[in-house]
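Mind the numbering: the sequence shown is residues 4 to 251 in my numbering, read in order.
Heads up: the structure comes next, in structure tokens.
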Amino acid sequence: MLKLYSFGPGANSLKPLLALYEKGLQFEHKQLNPAEFEHHSDWYKAINPRGQVPALDDGGKIVTESTVICEYLEDEYPTEVRLRPDNSFDRAQMRIWTKWVDEYFCWCVSTVGWHRYVGGMVKNLNDAEFEDMVAKVPVPEQQVKWRRAREGFPRDVLDEEMRKIAVSVRKLDDHLAGNEWLAGGIFSLADICNFAIANGMEMGFAEMVNDSDTPHLLRWIRQINERPAVKDMFAHVPRERFEPARVD
4 MLKLYSFGPG
14 ANSLKPLLAL
24 YEKGLQFEHK
34 QLNPAEFEHH
44 SDWYKAINPR
54 GQVPALDDGG
64 KIVTESTVIC
74 EYLEDEYPTE
84 VRLRPDNSFD
94 RAQMRIWTKW
104 VDEYFCWCVS
114 TVGWHRYVGG
124 MVKNLNDAEF
134 EDMVAKVPVP
144 EQQVKWRRAR
154 EGFPRDVLDE
164 EMRKIAVSVR
174 KLDDHLAGNE
184 WLAGGIFSLA
194 DICNFAIANG
204 MEMGFAEMVN
214 DSDTPHLLRW
224 IRQINERPAV
234 KDMFAHVPRE
244 RFEPARVD
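Below, the structure written as structure tokens:
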């Protein structure tokens, strides 16, 4: 049976979770606890040496990277539910959207999220405990991110990331003004991957994402939340709760 290692249904972990639920595939779910740094444990790094979630185990074959996992599921487990358009051009448009979210949209939202919430996971650690935790992080760039999250990201960095978020939500809203879905006229991996980052932004970034400024983006977010598979996923997979480390 397929086994998915992930956090709760948000950000990159949401992508393969929702793909699995949409396709109706049976799988075992191992939900790691980020507050206990379970993804940095030796047992998990034996599965994914980068110490990052999600990871998919398909009979001993390990697939990592959230968008790649989604494409793998479409390739290896075709179902009546299709998450990619039929023709090559529309599939290319889908992949332009998934590439954009992975390389641009996700990163700016992630930085602000780390500043607001993730830093709170280490605020009670003393210096020795923090250094011990960081030493277990296998990716040097992630070590830097943990240090910045603990100290607080510089104001100029946060301002630039907020600028990029504004560009991102405008790009989505403009496209969705004339399109029900992001690519090929169907609900696809383009929608799943962008929804994973955009869902909930009307609460976390209400000054940008609201009914007045981004009505088309909110229509799309609400439409996805009404899908039976999405409701089923949120009903069965617990969400993590983080206390904000600081208020901007």
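Glycine residues also receive a C-beta, built at the ideal position from the N, C-alpha and C atoms.
Computed from a predicted model, the values in this text were never measured in an experiment.
With a Cβ-Cβ cutoff of 8 Å, do residue i and residue j count as a contact?
| i | j | result |
| --- | --- | --- |
| F92 | H118 | no |
| M97 | A232 | no |
| S113 | V56 | no |
| V104 | E25 | no |
| E79 | D61 | yes |
| E164 | C111 | yes |
| V172 | M204 | yes |
| I189 | P88 | yes |
What first and last residue would you give for the alpha helix (DSSP H) that runs through residue i?
| i | result |
| --- | --- |
| Y24 | A14 to K26 |
| K167 | R158 to L179 |
| E132 | D130 to A138 |
| F198 | L192 to A201 |
| E144 | P143 to E154 |
| G207 | M204 to G207 |
Determine the burial state of residue i: buried for a count of at least 16 other Cβ atoms within 10 Å of its Cβ, exposed for fewer.
| i | result |
| --- | --- |
| I99 | exposed |
| R150 | exposed |
| E134 | exposed |
| W223 | buried |
| E39 | exposed |
| W46 | exposed |
| R153 | buried |
| K18 | buried |
| G181 | exposed |
| N202 | buried |
So, helix, strand or coil for residue i, using DSSP?
| i | result |
| --- | --- |
| I227 | helix |
| D61 | strand |
| V250 | Low per-residue confidence applies at V250: pLDDT is 37, beneath 50, and the placement is therefore not dependable, though the value from the model is reported in the following sentence. The answer is coil: DSSP assigns V250 none of H, G, I, E or B. |
| V66 | strand |
| E106 | helix |
Looking at the secondary structure, which residues open and close the beta strand (DSSP E) in which residue i lies?
| i | result |
| --- | --- |
| S9 | L5 to S9 |
| K33 | F30 to Q34 |
Shortest alpha-carbon distance to residue i belongs to which of the options?
| i | options | result |
| --- | --- | --- |
| N197 | K64, Y107 and D89 | Y107 |
| L185 | G13, T101 and I200 | T101 |
| Q34 | A49, S16, A22 and G27 | S16 |
| G27 | E164, E205 and L86 | L86 |
| I195 | M4, G13, K6 and L7 | G13 |
| I168 | A58, A209, E31 and V66 | A209 |
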